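Everything on this sheet refers to the single structure shown next.
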Amino acid sequence: MKRLISIAFASSALSTGLAHADETHFTTGIETVTISHMTPQVQVTVRNTSHSPDPAARQLRMVSNDPVVTVRGQFFCNSYSHSTPGESRARRAQVLFGLTAPHANGNGYELLPIGVWGESPAVQYNGARTGENFDIDAVMDLPESWDSEALVTLFFNPVKTVEDHLEDFVSNGAGSPADFLRQDDVFQVEVPVSMTAWCEYGGRWYPGVRQQTVTVSVFYQGDPDITDGAGVVNSVGDVAAPVPNRARTTTSATGNDGGPPARTSRPARATDETPPRRTNPQR
150 MKRLISIAFA
160 SSALSTGLAH
170 ADETHFTTGI
180 ETVTISHMTP
190 QVQVTVRNTS
200 HSPDPAARQL
210 RMVSNDPVVT
220 VRGQFFCNSY
230 SHSTPGESRA
240 RRAQVLFGLT
250 APHANGNGYE
260 LLPIGVWGES
270 PAVQYNGART
280 GENFDIDAVM
290 DLPESWDSEA
300 LVTLFFNPVK
310 TVEDHLEDFV
320 SNGAGSPADF
330 LRQDDVFQVE
340 VPVSMTAWCE
350 YGGRWYPGVR
360 QQTVTVSVFY
370 QGDPDITDGA
380 GVVNSVGDVA
390 APVPNRARTT
400 TSATGNDGGP
410 PARTSRPARA
420 TDETPPRRTN
430 PQR
């Protein structure tokens, strides 16, 4: 599920600082939400799939599987005094990709989808206990391409990440688009993950949220066939461009084949600095 978010709302949401490394938002029915394990890092691979060696005709695509983030832990409901009728009961847990926070709606609470762009199936509980364990494998549903004409959203798009670094590379005078596209590289992005839990009390449901981040390593597979020129001119008006080899292995998001080709040194443009989170990613 992917939800479009308005530009104004998206900017306002990020300005509240909800994307800290470990932050909680609990309503009165929630005592705590704890995470005992979360996948710390996942990886995806992007490469050029165009048959043209022209940088302007590039078709960057994510060619790896959607990564999976495993989140394990517990949540507990607030237990009230014996003089208070009823008791909070654990009812639901779910992983959301993006930012969210509880909001009172007059009949209890709801979660505002401030920047939620993906979610796991919800785990339902029968309400027999005031606390429950959760062990959820959440698939990070990512787009395979990026449309430069798309609406501004809060979605994380690995292809857009590579395009942004290409734009910065050229604008900083580091080289041409072809120079960038020929080289292997890796970019790291911190993606917010919201672990949500719900407790029921007196017929109303109360959510709690613990937010952490997962590191997504975006591997770009360089295209050695990219050239600054159109090709070799055989005669007037006849341009014969070399046909690039597109039979590269499609890599997965897990296992040993998820990285770019082996190198003996770091890519020429890679640094130890993690790129800052963008406030207006597009897809």
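Heads up, the sequence shown is in my numbering, so the first residue is 150 and it goes up one at a time. Where a beta carbon is used, it is the ideal one built from N, C-alpha and C, also for glycine. These numbers come from a predicted model, not from an experiment.
message: I'd like the list of long-range same chain contacts for S228, defined as Cβ closer than 7 Å, with 5 residues on each side in sequence excluded.
response: E236, S237, T279
task: Flag this pair as touching only if the stretch 193-208 and the stretch 270-285 have three or more C-beta atom pairs under 8 Å; answer yes or no.
output: no
message: If you measure between the beta carbons of H174 and A250, is that distance less than 9 Å?
response: yes
- request: Using the Cα positions of E349 and P189, report the straight-line distance between them to the nearest angstrom.
  value: 31 Å
task: Tell me F368's beta-bridge partners as DSSP assigns them.
output: T194, V335
- prompt: Within this structure, are the beta carbons of P341 and G247 separated by less than 9 Å?
  reply: yes
message: Contact defined as beta carbons within less than 8 Å: I believe T345 pairs with V363. What is the distance between those atoms, to the nearest angstrom?
response: No, T345 and V363 are not in contact; Cβ-Cβ is about 16 Å, not under 8 Å.
Within the stretch 242-287, ranges of the beta strand (DSSP E) (whole runs, at least 3 residues): 250-253, 258-261
query: The beta strand (DSSP E) spanning E172 covers which residue range?
result: 171-175
query: Where does S297 sit, in a helix, a strand or coil, going by DSSP?
result: coil
message: Could you tell me the alpha carbon to alpha carbon distance between P292 and P307, rounded to whole angstroms?
response: 8 Å
message: Taking the straight line between their C-alpha atoms, what separation do you get for G264 and T183?
response: 22 Å
message: Using only CA atoms, which one of K309, V217, H314, H252 lies nearest to G267?
response: V217
- prompt: Are the beta-carbon atoms belonging to S327 and D286 less than 9 Å from one another?
  reply: Checking the sequence, you will find Ala at residue 327 rather than Ser. Contact: no.
- prompt: Cβ of D333 within 9 Å of Cβ of Q360?
  reply: no
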